[in-house]
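Undergrad: My questions will all concern the structure given below.
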Amino acid sequence: MMLHTLSIGELAKKLAAKQISSLELTNHFLERIVRLNPALNAVITLTAEQARREAAAADARRAAGETGLVLGIPLIHKDIFCTEGVRTSCGSRMLDNFVSPYDATVVARLKSAGAVMLGKANMDEFAMGSSNETSFYGPVKNPWDLTKVPGGSSGGSAAATAAGLAAFATGTDTGGSIRQPAALTGVTGFKPTYGRVSRYGMIAFASSLDQAGVFTHSAEDAAISLRAIAGFDSKDSTSVDTPVPDYLASLNEPMVGLKVGLLKEFFEGLDARNAALIEAAIAEFKKLGAQTQEVSLPNLPLSVPTYYVVAPAECSSNLSRFDGVRFGHRCEDPKDLMDLYKRSRGEGFGSEVKRRIMTGTYVLSAGYYDAYYLKAQKIRQLITDDFRRAFEQVDVLIGPTTPTPAFAIGAKMDDPITMYLNDIYTIGANLAGLPAVSIPCGLIDSLPMGVQLVGPHFSESRLLNAAHGYQKVTNWHRLAPAGFA
Amino acid sequence: MGRQLMSLTRQDVEKIAHLARLQVTEAEMPVYVNSLSAIVDFVAELAKVDTRNVEPMAHPLVGQRQRLRPDEITETDQHEKYQLNAPKVQASLYVVPRVIE
């Protein structure tokens, strides 16, 4: 049975009708992971026994009359989320031996809703990367072409979803780490408003930018899974205490009159084939009743350099906790405390993480703080003001998710700036804390591409509604990579 | 890359690495001098932007305040569980090289 091609909604119906059990569904995905993952390296920890126990428990809960759209649905967590009793590595040698003593709120919520964790997904080390090549556990391969990257940092979650290794996967997005890999692997990737989903137990990279989200086969599945993880959490001091709407209820509302802003800065210099796909997507939105107008965000081109001051600064501060004393890697035979710190961190962190820590240390250091960090924070305000003004004119913004389709493994590893520019279209939403979604919109050279929608704070319902409307009249989101159908 | 004028010198990178408590090997050093210089050059663009009268933004949600919780004990003592992840523990204490002579 092609259970891995079904949506969460369809699987939930089959579970409710007792056509399948969660244990059968879980075994189906576990068999696929064992068979297909060696070629992909998307899953770095398989929790098969625990998954079967959780599936049996979900079946028992259903037999006792409980219902729920994610009850018994198998998923994979990005290895940035702490999972009690299960290794939580964050893709780093530093945490290769770390077994979390507690669950992240995202994990706890899905667990209590009865979702089944199959394992943990590979990722760029500490979520720093756009190609999933910085992982201590080796690169993830793109299921559409095994010589290509899946994007990053949530590359394992994206590849696992695209290859049908789980019904959905969790991810995190600091500068595009959900949307960019979703685009490059042909799946739907949703990054909610900053503060919508708890960051508790999500290993911090850049705390004012990090936000958890989901990888799914459709906007409808994103609505289901997002609802399961969103909501106020007193354990996250930046969690927002606003009720979570029923994202499914508004999914099918008509799109007539929706004002879609064409982001001028996103179309300047855009590759012609990429532009053609985005234009075709815009034409679909128009057919559905949307109105379009061009809007300009003059400061948006500054978002990449702004990000590469703000994010490394926060990273250098956050990663100072890895000191070789309380948890994580410790070097052999330290001769004094300074040697212990320096060698434990030097050995435990990979080269990109060290680069970002040093960038952050530099921009925060005495004499440079005002020139770099404070300056970047001010420009972040200018970019955010641009978005606010744009949303006075339009309901959502539309543009590409990435400049190109997936590139070859190894192609950009020697040049950090070229790698950083992969996130040129996604970083703005993080700086302003906005919700955004990437949905598949076509192929270039037989590789998937995404179109991105960005909305004002807490406009998740509207974004999901627009993405679902598009997916009702198109089939790009149904395409699966040939070797993994 | 040849001999180019870098924005950061080897001495700069050594100082940054020390501040960050990171050991950088001999082999890594030229790579970091190069790439950190490139990043510093890349973000130099920001200096040209007029930011007079702009407040620095530290948090993405306008008007959002960091909450304070009541000063009550909510955590139970679970140090044994937490110390299972520690590299070296003795008598419930984290062991490090001698600090005070």
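Residue numbers (my numbering), protein chains in the order written: chain L, 5 to 489; chain E, 27 to 127. Note that CB positions come from ideal geometry on N, CA and C, so glycine has one too. Predicted, not measured: the structure shown is a model, and the values here were computed from it.
1) Give the DSSP-derived three-state secondary structure of T189 of chain L in the structure shown.
2) Using CA atoms only, rank isn't needed, just tell me which of E:T35, E:L45 and E:M32 is closest to Y345 of chain L.
3) At a cut of 8 Å, does the region 334-350 of chain L reach the region 311-321 of chain L through at least three beta carbon pairs?
4) Near S139 of chain L, which residues of its chain fall below 7 Å by C-beta distance, leaving aside the five closest residues on each side in sequence?
5) Count the C-beta pairs between the region 304-312 of chain L and the region 85-93 of chain E that are closer than 8 Å, then say yes if the count reaches three, no if not.
6) Please name the residue in L:F462, L:L230, L:T408 and L:A67 whose C-alpha comes closest to that of R277 of chain L.
7) Scan the region 267-349 of chain L and note each continuous beta strand (DSSP E) run of 3 residues or more that stays entirely inside, going in chain order.
8) For G118 of chain L, is the classification buried or exposed, using 16 other Cβ atoms within 10 angstroms of its Cβ as the cut-off for buried?
9) Any chance you could list the alpha helix (DSSP H) runs of at least 4 consecutive residues sitting entirely within the region 348-378 of chain L, in chain order?
10) What's the gap between the Cα of P78 of chain L and the Cα of S26 of chain L?
11) How close, in whole Å, do the beta carbons of V75 of chain E and I383 of chain L come, if the pair is a contact with beta carbons under 8 Å?
12) Tell me the residue span of the alpha helix (DSSP H) that contains L150 of chain L.
13) Does any CB atom of chain L fall closer than 8 Å to the CB of I99 of chain E?
14) Comparing alpha-carbon positions, which option in L:G89, L:A16 and L:E88 lies nearest G76 of chain L?
15) Mind checking whether L255 of chain L and A227 of chain L have CB atoms under 8 Å apart?
16) Under 7 Å Cβ to Cβ from Q33 of chain E, same chain only, skipping five residues before and after it: list those, please.
17) Which word fits K107 of chain E, buried or exposed, when buried means at least 16 other C-beta atoms lie within 10 angstroms of its C-beta?
18) What in chain L is Cβ-close to L87 of chain E, meaning under 9 Å?
19) Who are the near neighbours of L150 of chain L in its chain, counting only those whose CB is closer than 7 Å to its CB and skipping five residues on each side?
20) Any beta-carbon of chain L closer than 8 Å to the one on I126 of chain E?
21) Helix, strand or coil for F140 of chain L, going by three-state DSSP, please let me know.
22) Determine, using beta carbons only, whether R93 of chain E comes closer than 8 Å to chain L.
23) Let me make sure I understand the geometry here. Which of L:A253, L:A62 and L:V120 has the alpha-carbon closest to that of T51 of chain L?
24) Hey, quick one: how far does the beta strand (DSSP E) through G217 of chain L stretch, first residue to last?
25) Can you tell me whether Q456 of chain L is buried or exposed, with buried defined as 16 or more other CB within 10 angstroms of its CB?
26) For E272 of chain L, tell me which candidate among L:T310, L:G168 and L:L301 has the shortest Cα-Cα distance.
27) Got a sec: is the Cβ-Cβ distance from D340 of chain L to anything in chain E below 8 Å?
28) Is any heavy atom of the ligand GTP found at a distance shorter than 7 Å from the C-beta of Q54 of chain L?
29) Is Y204 of chain L helix, strand or coil by DSSP?
30) Is it buried or exposed, S450 of chain L, if we count other Cβ atoms within 10 angstroms and call 16 or more buried?
31) Out of curiosity, what's the CA-to-CA distance linking D327 of chain L and R93 of chain E?
32) Going by C-alpha to C-alpha distance, which of L:A131, L:V201, L:L435 and L:G261 sits closest to P309 of chain L?
33) If you follow the alpha helix (DSSP H) that A16 of chain L is part of, which residue opens it and which one closes it?
34) Once the 5 residues before and after T296 of chain L are set aside, which same chain residues still bring their CB inside 7 Å of it?
35) Got a sec? Which residues, its chain only, sit under 6 Å from V357 of chain L by beta carbon, not counting five neighbours each side?
36) Quick one: what's got a C-beta closer than 7 Å to S181 of chain L's C-beta in the same chain, skipping five residues either side?
TA: So, from the data block:
1) Here T189 of chain L sits in helix by DSSP.
2) Residue E:L45 is the option with its Cα nearest to Y345 of chain L.
3) Counting C-beta pairs closer than 8 Å gives fewer than three between the region 334-350 of chain L and the region 311-321 of chain L, which falls short of the contact rule.
4) Listed in chain order, the non-local C-beta contacts of S139 of chain L below 7 Å within the same chain comprise G95, N126, M127, D128 and E129, local neighbours out to five positions each way being set aside.
5) No contact exists between the region 304-312 of chain L and the region 85-93 of chain E.
6) Put simply, of L:F462, L:L230, L:T408 and L:A67 the residue whose alpha carbon is nearest the alpha carbon of R277 of chain L is L:T408.
7) Every beta strand (DSSP E) stretch that sits fully inside the region 267-349 of chain L and reaches 3 residues is listed by chain position as 295-299.
8) So G118 of chain L counts as buried.
9) The region 348-378 of chain L is shown to contain whole alpha helix (DSSP H) runs of 4 or more residues at 355-368, in chain order.
10) Whole-angstrom Cα-Cα distance: 8 Å.
11) Going by Cβ atoms, the distance from V75 of chain E to I383 of chain L rounds to 6 Å, so yes, they are a contact pair.
12) Counting along the chain, L150 of chain L falls outside any alpha helix (DSSP H), and DSSP gives it neither H nor E.
13) Residue-level contact by beta carbon fails for I99 of chain E and chain L, as no gap is shorter than 8 Å.
14) For the residues L:G89, L:A16 and L:E88, the minimum Cα distance to G76 of chain L belongs to L:A16.
15) In this structure, A227 of chain L lies closer than 8 Å to L255 of chain L by Cβ.
16) At residue 33 of chain E the sequence reads Ser, which differs from the Gln that was named. Correct list, in chain order: S63, V66 and D67.
17) It is exposed - the Cβ of K107 of chain E has fewer than 16 other Cβ atoms within 10 Å.
18) By Cβ distance, chain L contributes T197, Y198, G199, T242, V244, G437 and H461.
19) Around L150 of chain L: A43.
20) With 8 Å as the cut-off, I126 of chain E does not count as an interface residue toward chain L.
21) The three-state secondary structure of F140 of chain L, taken from DSSP, is coil.
22) Interface residue, yes.
23) That would be L:V120, whose Cα lies nearest to the Cα of T51 of chain L.
24) DSSP places G217 of chain L inside the beta strand (DSSP E), whose first and last residues are A216 to T220.
25) By the C-beta density criterion, Q456 of chain L is buried, having at least 16 other C-beta atoms within 10 angstroms.
26) Between E272 of chain L and the set L:T310, L:G168 and L:L301, the nearest pair of CA atoms involves L:L301.
27) Answer yes: the Cβ-Cβ gap between D340 of chain L and chain E drops below 8 Å somewhere.
28) By its list of ligands, the structure shown contains no ligand whatsoever, and the ligand GTP lies outside what it can speak to.
29) Assigned with DSSP and collapsed to three states, Y204 of chain L falls in coil, not helix or strand.
30) Exposed, by the Cβ-count rule.
31) Going by the C-alpha atoms only, they are around 28 Å apart.
32) The shortest C-alpha separation from P309 of chain L is found at L:L435.
33) DSSP places A16 of chain L inside the alpha helix (DSSP H), whose first and last residues are I12 to A20.
34) Cβ neighbours of T296 of chain L beyond the five flanking positions: V264, L266, I286 and K290.
35) Within the same chain, Cβ atoms closer than 6 Å to the Cβ of V357 of chain L are found at E129, F130 and M132, the five residues on either side in sequence being excluded.
36) So the list reads A131, G156, S157, S158 and G175, once near-sequence residues are dropped.
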